[in-house]
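Protein chains: 2
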Amino acid sequence: MGEGETNAFPLIWTQRQQPRRRGLDREQITAAAIRVADEAGLDGLTMKAVAARLGPYSPMALYRHVHSKEGLFDLMLDAATAEIPLPGEPGDDWRRDLRTLALETRRMTSRHPWFAVLVHARPPAGPHMMRRLEFMLTVLVRRGATVGDAMTYAVLIDRHVLGSALQESEEARLERRHGLDDDARLYAAIATLRELAAADGGLPHLTEWLTHPAGPTPEERFVIGLDFVLDGIAARLA
Amino acid sequence: MGEGETNAFPLIWTQRQQPRRRGLDREQITAAAIRVADEAGLDGLTMKAVAARLGPYSPMALYRHVHSKEGLFDLMLDAATAEIPLPGEPGDDWRRDLRTLALETRRMTSRHPWFAVLVHARPPAGPHMMRRLEFMLTVLVRRGATVGDAMTYAVLIDRHVLGSALQESEEARLERRHGLDDDARLYAAIATLRELAAADGGLPHLTEWLTHPAGPTPEERFVIGLDFVLDGIAARLA
DNA sequence: GCTATGCGTATACGACATAAACTTTCCAAA
DNA sequence: TTTGGAAAGTTTATGTCGTATACGCATAGC
Chain A
493 MGEGETNAFP LIWTQRQQPR RRGLDREQIT AAAIRVADEA GLDGLTMKAV AARLGPYSPM
553 ALYRHVHSKE GLFDLMLDAA TAEIPLPGEP GDDWRRDLRT LALETRRMTS RHPWFAVLVH
613 ARPPAGPHMM RRLEFMLTVL VRRGATVGDA MTYAVLIDRH VLGSALQESE EARLERRHGL
673 DDDARLYAAI ATLRELAAAD GGLPHLTEWL THPAGPTPEE RFVIGLDFVL DGIAARLA
Chain B
493 MGEGETNAFP LIWTQRQQPR RRGLDREQIT AAAIRVADEA GLDGLTMKAV AARLGPYSPM
553 ALYRHVHSKE GLFDLMLDAA TAEIPLPGEP GDDWRRDLRT LALETRRMTS RHPWFAVLVH
613 ARPPAGPHMM RRLEFMLTVL VRRGATVGDA MTYAVLIDRH VLGSALQESE EARLERRHGL
673 DDDARLYAAI ATLRELAAAD GGLPHLTEWL THPAGPTPEE RFVIGLDFVL DGIAARLA
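For the protein sequence lines, the chains are A and B, in the order given. Under my numbering, the first residue of the first sequence carries the number 493, and numbering increases by one thereafter. Under my numbering, the first residue of the second sequence carries the number 493, and numbering increases by one thereafter.
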């Protein structure tokens with residue numbers, strides 16, 4: 493006590509950044525972890541895999557620098573957030589600012605599908621995550637929203653962005669896990685679903701859709717939903 | 493082949509329902525698993541815990557009936573979905589139908605916080621999940637939407653409902669894992685975040701909010717976002 | 001009563017995160 | 001140049017998990 497380290501819980505952001513001498517550091521480890529997760533998915537993100545990616549290291553080597561896997565998650569999330577371009581100042585069109593940020597966030601999550609899964613498991617306390625949120629709040633407050641309302645709107649936008657990302661990423665994970673990257677097998681899996689729906693007897697629309705999946709692409713869906721949210725915010729800002 | 497069991501992947505719905513003679517069955521196991529998950533969270537949902545909840549059983553006993561933990565997930569998800577009241581037929585107010593369904597779904601997820609986490613990890617192929625989706629499609633198609641558009645709108649509604657549930661449930665999980673159900677510790681954790689934000693120097697709105705968290709309650713937020721989606725759908729149906 | 005079926009168990013295996021104790025490396029001061 | 005000690009990395013070990021396999025036993029149908 494008296495050290496300023498009386499944390500209610502272990503966020504890596506409240507822990508000492510080592511002075512850096514030689515060997516590994518947080519940055520390298522984070523970058524390696526991100527590469528592993530991008531390539532092998534969250535299932536493949538083990539301490540052993542990250543260590544191996546860094547060279548001839550043992551899994552335990554990482555603990556000197558990140559103290560737990562969750563700490564590594566914090567670092568990964570913030571590093572990925574740092575990839576999202578963030579204007580220094582809001583422009584004069586709030587809607588464009590928020591729309592662009594949402595689209596850029598989506599671009600990031602499509603590079604890093606694990607992001608949407610992890611982000612819900614840790615508090616958004618990294619510096620880049622906080623700065624991104626501050627940007628959204630600033631844009632909205634300048635348009636007359638209270639901070640409380642601005643937080644609500646920001647949360648709703650992120651819910652859509654990250655919800656979309658999560659759904660698409662988990663779908664991809666499922667397909668990968670069961671080898672459905674092969675077209676024939678994917679078709680067979682859909683056929684199984686269609687048969688289940690048809691067997692029920694009372695599911696005409698669902699059966700029809702499974703027979704001829706139609707409608708907007710996932711990307712178009714995302715934009716439609718994003719505009720729903722932005723329209724709603726606009727109506728309340730007015 | 494020739495058996496109808498050439499599954500591209502193992503959904504429990506395509507597997508034989510045992511004739512039931514004695515001992516355990518899927519229904520009991522599912523109910524026990526749901527109780528365990530409700531009480532101990534997903535982290536506490538182990539095969540061992542479920543077996544123990546059923547009586548003096550070994551974890552391996554479950555495998556006779558569910559063949560894998562993921563199969564158990566499928567059963568849990570569908571059983572929880574079955575708790576959502578579903579009208580036999582749509583009424584004459586599409587918006588009311590969808591709104592009610594969304595609110596009832598939310599009620600279910602607040603009883604079963606694990607739902608929103610698991611639902612993304614498995615295809616929604618259970619009978620109750622399919623019937624619920626069919627209901628949404630029917631409501632929308634009757635109002636003139638194509639099946640493809642109806643699917644989009646249904647997905648957007650669920651994205652909001654489940655996204656909200658996920659965020660709130662993971663927040664609760666985090667708080668539980670770190671003993672923040674104690675008010676003093678929770679306050680300390682928030683103070684830590686505020687200090688981090690204040691230390692950055694460039695986060696006035698976020699710092700302000702962390703000092704005096706204001707704005708709508710989570711429940712109000714949910715309704716605001718739900719109406720954004722419903723308004724958006726209404727505009728496109730017209 | 002006999003036998004086949006199928007239910008539950010015991011045992012075992014291979015991942016995984018990570019605690020603790022150790023060894024090695026390298027810098028800084030004497 | 002020597003030396004003390006901290007920092008970096010490894011080894012070993014522990015406990016938990018899902019689950020494959022092989023087995024014993026009770027029961028249901030004859």
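Think of the CB as a built atom: it goes at the ideal place given N, C-alpha and C, for glycine as much as any other residue.
With 16 or more other Cβ atoms inside 10 Å of its own Cβ, A:Met539 counts as buried. Look at B:Asp570: its C-beta is not under 8 angstroms from any C-beta on chain A. Separation of A:Pro502 and A:Thr522 (C-alpha to C-alpha, rounded to the nearest whole angstrom) is 18 angstroms.
Not one beta carbon of chain A lies nearer than 8 angstroms to the beta carbon of B:Met621. In this model, B:Val639 and A:Arg614 are separated by some 37 angstroms (Cα to Cα). For B:Pro710, the enclosing alpha helix (DSSP H) stretches over residues Pro710 to Leu729. At a Cβ-Cβ threshold of 8 angstroms, B:Ala608 and B:Leu658 count as neighbours. Three or more pairs of CB atoms, one per stretch, sit closer than 8 angstroms, so the stretch 662-682 of chain A contacts the stretch 611-628 of chain B. Only those residues of the stretch 640-661 of chain A whose C-beta falls short of 8 angstroms from the nearest C-beta of chain B are listed: Gly640, Asp641, Ala642, Met643, Thr644, Val647, Leu648, Arg651, His652, Leu654, Gly655, Ser656, Leu658 and Gln659. Taking the Cα of A:Leu695 as reference, the smallest distance to any Cα among B:Leu554, B:Met622 and B:Ala683 is reached at B:Met622. Spanning the alpha carbons of B:Ala727 and A:Val653 requires a straight line of approximately 21 angstroms. The beta-carbon of A:Asp723 is placed less than 8 angstroms from the nearest beta-carbon of chain B. Between the alpha carbons of A:Ala574 and A:Glu596 lies a gap of roughly 11 angstroms.
Closer than 8 angstroms to the CB of B:Ala574 there is not a single CB belonging to chain A. Contacts with chain B at 8 angstroms (Cβ-Cβ) include A:Asp692. Note on geometry: alpha-carbon atoms of A:Leu702 and B:Phe627 lie some 15 angstroms from one another. Per DSSP, A:Asp589 is one residue of the alpha helix (DSSP H) stretching across Trp586 to Arg603.
Around B:Leu698, the beta-carbon contacts reaching into chain A at under 8 angstroms are Met622, Leu625, Glu626 and Leu629. Interface with chain A (8 angstroms Cβ-Cβ cutoff): B:Thr506 is included.
At least one C-beta of chain A is nearer than 8 angstroms to the C-beta of B:Arg713. In the DSSP annotation of this structure, A:Met552 is not part of any alpha helix (DSSP H), being labelled neither H nor E. Taking 8 angstroms as the cut-off, the Cβ atoms of B:Leu625 and B:Val721 do not count as close. 8 angstroms or more divides the Cβ of B:Thr630 from the Cβ of A:His557. The beta carbon of A:Thr684 sits closer than 8 angstroms to some beta carbon of chain B.
In this structure, the straight-line span from the alpha carbon of A:Ala594 to that of A:Leu537 is close to 27 angstroms.
Residue burial annotation: A:Ser560 is exposed, with fewer than 16 other C-beta atoms found within 10 angstroms of its C-beta. Proximity of A:His604 to chain B, defined by a Cβ-Cβ separation below 8 angstroms, is not satisfied. Comparing alpha-carbon positions, the option among B:Asp641, B:Leu554 and B:Gly580 lying closest to B:Ile725 turns out to be B:Asp641.
Counting only Cβ-Cβ distances below 7 angstroms, B:Ala594 has no contacts in chain A at all, with the closest Cβ about 14 angstroms away.
Straight across, the Cα-Cα distance linking A:Ile526 with A:Leu546 is about 12 angstroms.
Taking C-beta separations shorter than 6 angstroms and ignoring five residues to either side along the sequence, the partners of B:Ile576 in its chain run Glu596, Thr597 and Met600, following chain order. Linking A:Leu516 to A:Val542 through their CA atoms gives a straight-line distance of about 12 angstroms. Judged by DSSP in its simplified three-state form, A:Gln659 adopts helix. Leaving aside the five residues that flank B:Pro619 on each side, the residues in its chain whose CB is nearer than 8 angstroms to its CB run, in chain order, Trp505 and Asp570.
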